[in-house]
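Peer 1: The structure that follows is given in the form of structure tokens.
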Amino acid sequence: MKILIISDTHGFLWYLNEVLKKVGPIDMLIHCGDIQKDEEPVKIAVNCPVYMVAGNNDLGTLLEKEIFLDIGKYHIMVTHGHRYSVGYGLDMLAASAKKKGADIVMFGHTHVPLIKKIDNVTLVNPGSITIPRQSGRRPSYAFMEIDRDGEAHFTVAELMQEQA
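Numbering-wise, our numbering puts 152 at position 152 of the sequence shown, and it's gapless, one number per residue.
Have a look at this one:
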């Protein structure tokens, strides 16, 4: 199973279309917020289940602030991250995910990609495919792939700089 994880598209779907061209078919898309009223166009862009949460810029949306998904043997928390002050550290987010029984928490907000384990919780931030803030400022996204044995593997990938 191949799951594309994105965040912070901020209404610029050209980048999502470029990612989809590059990566080919996916089994699921998870968007960690700051979609900015593009919920339907995101769903139309892919031919698979789509899960999204509201970010701090998603005013007036009906999206939930936090959702929980069970994928294989994993219980996953999806949130934007701003309510957990992720710009100042990840301990509050990791502790909350653990308290809520999540093995994995996917989040955005910082526009900086990250895969990190804290207290047996895997934290995954795909960065941003529209407004990257990490060194090199390349649009980024992440994958969660479930292998034949049911184990999850995470990867962060980037679009080429000339596409930014």
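For glycine and all other residues, C-beta sits at the position ideal for the given N, C-alpha and C.
1. Please classify VAL50: does DSSP put it in a helix, a strand, or coil?
2. Alpha carbons only, please: which of PRO139, HIS31, LEU123 is nearest the one belonging to THR130?
3. Measuring CB to CB, does THR9 end up less than 8 angstroms from ASP27?
4. Within 10 angstroms of its Cβ, does THR122 collect 16 or more other Cβ (buried), or is it exposed?
5. Inspect the beta-carbon positions of ILE5 and MET77 and report whether they are closer than 8 angstroms.
6. Just to confirm, are LEU29 and VAL46 a CB contact at a threshold of 8 angstroms?
7. Could I get the ranges of all uninterrupted beta strand (DSSP E) runs contained in the region 88 to 121, with 3 residues as the minimum, in chain order?
8. Are the beta-carbon atoms belonging to ALA54 and HIS80 less than 8 angstroms from one another?
9. My assumption, with CB atoms under 8 angstroms, is that HIS111 sits in contact with ARG133. Please give the rounded CB distance.
10. Just list the residues that DSSP pairs TYR141 with in beta bridges.
11. Using only the alpha-carbon positions, how far apart do ASN17 and ALA94 sit?
12. Leaving out the 5 sequence neighbours to the left and right, which residues in its chain are closer than 7 angstroms to ASP147 when beta-carbon positions are compared?
13. Hey, how far is the Cα of SER135 from the Cα of ASP119?
14. Nearest to ASP157 by alpha carbon, out of VAL42, ARG137, LEU13?
15. Please report how far the alpha carbon of GLN163 lies from the alpha carbon of TYR88, in whole angstroms.
Peer 2: Working from what's here:
1. In the sequence shown, the residue the question calls residue 50 occupies position 50. VAL50 falls in the strand class under three-state DSSP.
2. One-based indexing of the sequence shown puts residue 130 at position 130. Out of PRO139, HIS31, LEU123, PRO139 has the C-alpha closest to the C-alpha of THR130.
3. Here residue 9 is taken as the residue at index 9 of the sequence shown, counted from 1. Here residue 27 is taken as the residue at index 27 of the sequence shown, counted from 1. No, they are not a contact pair.
4. Locating residue 122 in the sequence shown gives position 122, where the first residue counts as 1. Burial call: buried.
5. One-based indexing of the sequence shown puts residue 5 at position 5. One-based indexing of the sequence shown puts residue 77 at position 77. It is not a contact, given that the beta carbons lie outside the stated cut-off.
6. On the sequence shown, position 29 is the one that residue 29 refers to. On the sequence shown, position 46 is the one that residue 46 refers to. Result yes, Cβ atoms of LEU29 and VAL46 sit closer than 8 angstroms.
7. 104 to 106, 113 to 118
8. As a first step, residue 54 must be located in the sequence shown, where it is residue number 54. As a first step, residue 80 must be located in the sequence shown, where it is residue number 80. It is a contact, given that the beta carbons lie within the stated cut-off.
9. Here residue 111 refers to the residue found at position 111 when the sequence shown is read from its first residue. Here residue 133 refers to the residue found at position 133 when the sequence shown is read from its first residue. Confirmed, about 4 angstroms.
10. In the sequence shown, counting from the first residue as 1, residue 141 sits at position 141. In DSSP, TYR141 forms a bridge with ALA157.
11. Within the sequence shown, the letter at position 17 stands for residue 17. Within the sequence shown, the letter at position 94 stands for residue 94. Each residue's Cα considered, the two are about 31 angstroms apart.
12. Position 147 of the sequence shown holds residue 147. Result list for ASP147: HIS153, in chain order.
13. As a first step, residue 135 is located in the sequence shown; it is residue number 135 there, counting from the start. As a first step, residue 119 is located in the sequence shown; it is residue number 119 there, counting from the start. Going by the C-alpha atoms only, they are around 27 angstroms apart.
14. Numbered from 1 along the sequence shown, position 157 holds the residue referred to as residue 157. It is worth fixing the name first, because residue 157 is Ala in this sequence and not Asp. Comparing Cα-Cα distances from ALA157 to each of VAL42, ARG137, LEU13, the minimum goes to ARG137.
15. Indexing the sequence shown from 1 puts residue 163 at position 163. Indexing the sequence shown from 1 puts residue 88 at position 88. Here GLN163 scores only 39 on pLDDT, less than 50, and its place in the model is too uncertain to base an answer on.
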